[in-house]
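S.K.: Before I ask anything, let me first share the structure, which is written out below as structure tokens.
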Amino acid sequence: MRTSPHTLLVTLAILALPQLAFAKENRCGWIQNPTPGNFWLDDSEGMWVLLTQGSDEEPLGMENFPDISTGDYVASNGNYGYTCGCIQAETERSTDSQDSAAGRITAIYGVKLLPLKKCLADPALPKPE
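Numbering-wise (the numbering used here), the sequence shown opens with residue 239 and increments by one.
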């Protein structure tokens, strides 16, 4: 039995979809933890939610997220605050036009904390809260 080139192309495209849908991204910007149970990343494309207080949605790998207060860090609310960093993650874009977030982070593969001056020098980033 001979396979047509069209069938082969469609099969390859279907097999590639999972890799495209869940590709790791490296997102850099302000990692914010302003209050208990709330974590997000503000980058040049918007806000990427990791955790919100009261939600049962938590990204895969969140248990390995480092203590952001150990590096170059700003305490803005008691023990809570923000730092600069990069997160290697899978994301899911928001489809809700009423949602202020660009989307959410669904899996975390690595986190690198950076000096605050790195984010402060990036004109594409919003000012931290």
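C-beta: ideal position from N, C-alpha, C; glycine also.
(1) Identify whether Thr321 lies in helix, strand or coil by the three-state DSSP scheme.
(2) In angstroms with no decimal places, state the Cα-to-Cα distance between Arg331 and Arg342.
(3) Rounding to the nearest angstrom, what Cα-Cα distance links Asn276 and Ile325 in this structure?
(4) Under three-state DSSP, which class holds Lys356?
(5) Please determine, among Leu288, Asn302, Val287, Thr321, the residue with the shortest C-alpha to C-alpha distance to Ala311.
(6) Taking the beta strand (DSSP E) that Asp281 belongs to, which residues open and close that run?
M.R.: In this structure, then:
(1) Counting from 1 along the sequence shown, the entry for residue 321 is found at position 83. Reduced to three states, the DSSP call for Thr321 is strand.
(2) Walking along the sequence shown from the start, residue 331 turns up at place 93. Walking along the sequence shown from the start, residue 342 turns up at place 104. Near 7 Å, if we compare the C-alpha coordinates of Arg342 and Arg331.
(3) The residue given as residue 276 occupies position 38 in the sequence shown. The residue given as residue 325 occupies position 87 in the sequence shown. Cα to Cα, the separation comes out at about 16 Å.
(4) For this step, residue 356 is matched to residue 118 along the sequence shown. If DSSP states are grouped into helix, strand and coil, Lys356 belongs with the helices.
(5) Here residue 311 is taken as the residue at index 73 of the sequence shown, counted from 1. Rather than Ala, the amino acid found at residue 311 in this sequence is Tyr. That would be Thr321, whose Cα lies nearest to the Cα of Tyr311.
(6) As a working mapping, residue 281 is identified with position 43 in the sequence shown. Segment 277-281, the beta strand (DSSP E) holding Asp281.
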